[in-house]
Amino acid sequence: MSDLIEQKPPRTVTYQVRVEFGDCDPAGIVWFPNFFRWIDAASRHFFEACGVPRWEETTRTLGVIGTPLVDTQARFIKTASYGDHLQIHTAVTEWRGKSFVQSYRVCRGEDLILECQEVRIFASAREDGSPGIRAVLIPPSIRALCD
Numbered sequence: 019m020s021d022l023i024e025q026k027p028p029r030t031v032t033y034q035v036r037v038e039f040g041d042c043d044p045a046g047i048v049w050f051p052n053f054f055r056w057i058d059a060a061s062r063h064f065f066e067a068c069g070v071p072r073w074e075e076t077t078r079t080l081g082v083i084g085t086p087l088v089d090t091q092a093r094f095i096k097t098a099s100y101g102d103h104l105q106i107h108t109a110v111t112e113w114r115g116k117s118f119v120q121s122y123r124v125c126r127g128e129d130l131i132l133e134c135q136e137v138r139i140f141a142s143a144r145e146d147g148s149p150g151i152r153a154v155l156i157p158p159s160i161r162a163l164c165d
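Letter by letter, the sequence shown follows residues 19 to 165 in the numbering used here.
Set out below in structure tokens:
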């Protein structure tokens, strides 16, 4: 008898990007900040694909204004260029109390271009009304949609 508990793989959502001429630097390769712009879009797309309402709605219903980034790490493996079609495979690989780890694999077909991990929080306005945000517990309803 095994003591191992089999865990299902995390839900993965794919976001498509077509690299345009303006996304590239003078060397003809994607200028690195564009990857982070696309990854940010892929993060929101993940929640949308899971059925999470727009942040305007969760602000009204749950007090959650979004999932801001608090840490990131990327590993660039290959270059991408104008005309490439990229797939950004996104999954939540770890749920914590107020934060989560979102992992990304940016591919051009079978070629892995970039791997990235981000730590994001679920955020709400400060209770005292002062400028800024605060981390809040991950709403169970949102986690249930994303598992």
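Beta carbons are placed, not taken as given, at the ideal position from N, Cα and C, and that holds for glycine. None of the values given here were measured: they were computed from a predicted structure.
Our two residues, Y100 and R62, have alpha carbons roughly 24 Å apart in a direct line. Cβ-Cβ distances below 6 Å link D41 to V48, N52 in the same chain, with the five nearest sequence neighbours on each side left out; the list follows chain order. For C125, the uninterrupted beta strand (DSSP E) segment begins and ends at 117–126. In this chain, R114 is not harboured by any beta strand (DSSP E), its DSSP state being neither H nor E. Partner residues in the beta bridge of S99, as assigned by DSSP, are I47. Secondary structure note for S142: it is in no alpha helix (DSSP H), and the uninterrupted beta strand (DSSP E) holding it is 141–143.
Here I57 carries a helix assignment [DSSP, helix/strand/coil]. Apart from sequence neighbours up to five positions away, the residues of its chain that approach A153 with a beta-carbon distance below 6 Å are K116, I139, ordered along the chain.
When only Cα atoms are considered, P71 and T32 end up about 18 Å apart. Ranked by Cα distance from A109, the first of I95, E133, F94, R144 is E133. For F65, the number of other beta carbons within 10 angstroms of its own is at least 16, and it is reported as buried. Apart from the 5 residues on each side of it in sequence, V82 sits with its Cβ closer than 8 Å to the Cβ of W73, T76, F140, A141, S142, V154, P157, I160 in its chain, given in chain order. For I131, the three-state secondary structure derived from DSSP is strand.
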